[in-house]
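Here is the structure we will look at, set down as structure tokens.
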Amino acid sequence: MSISELKFLLTDDSKVIRNMLKAALTEMGAKNIKEASSGEEALEALRHDMYDVVILDVMMTGMTGLQTLEKIRTTQWPNRNVHVFMVTGEAKKEYIQQAAKLGVKGYVVKPFTLEDISKRIGTTLEKLYPAKT
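Counting in the working numbering, the sequence shown runs without a single skipped number right up to 143 at its last residue.
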């Protein structure tokens, strides 16, 4: 499966960060990208549609990314095993450990460049979805 076939859900309370993530994913070839501005909005999107990859900000207003991730993993629905990446300005060890326990595929620390996103997320996606030969 190629990145152009994957369905992404970007969740961050900052439109600027969502735009950066979207630009990086688009540059990598992604075509199906939906945005959510809160954990609650992300959960609503996951209730109604299937996604291959969710990118969550750790610190958001209202429900945090970690709370959203926990809800994703503990809710009995088809999206509970979706691949999740976290983005954050807070690289605290306890956040990283909690995210790892909940099966996060990668962690990107802000501030980041489009190249940082491509390297961290793109490399992992290539492993998760190897190109067919």
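For every residue, glycine included, the Cβ atom is placed at its ideal position computed from N, Cα and C.
All of these numbers come straight from a predicted model, not from anything done at the bench.
Exercise for the section: Evaluate the contact criterion for the region 98-110 versus the region 127-140: three or more CB pairs, one atom per stretch, below 8 Å. Expected result: Segments in contact, no.
Exercise for the section: May I ask you to list the residues that DSSP assigns as paired with Asp126? Expected result: In DSSP, Asp126 forms no bridge with anything.
Problem - Test item: CB-CB of Leu19 and Tyr61 under 9 Å - result: Yes, these two residues count as a Cβ contact at 9 Å.
Problem - Burial state of Asn91, where buried means 16 or more other Cβ atoms lie within 10 Å - result: It counts as exposed.
Problem - Residue closest to Ala109, alpha-carbon to alpha-carbon, out of Pro140, Glu136 and Val94 - result: Of the listed residues, the one whose Cα sits closest to Ala109 is Val94.
Exercise for the section: Report buried or exposed for Leu76, applying the criterion of at least 16 other Cβ atoms within 10 angstroms of its Cβ. Expected result: The C-beta of Leu76 has 16 or more other C-beta atoms within 10 Å across all chains shown, which makes the residue buried.
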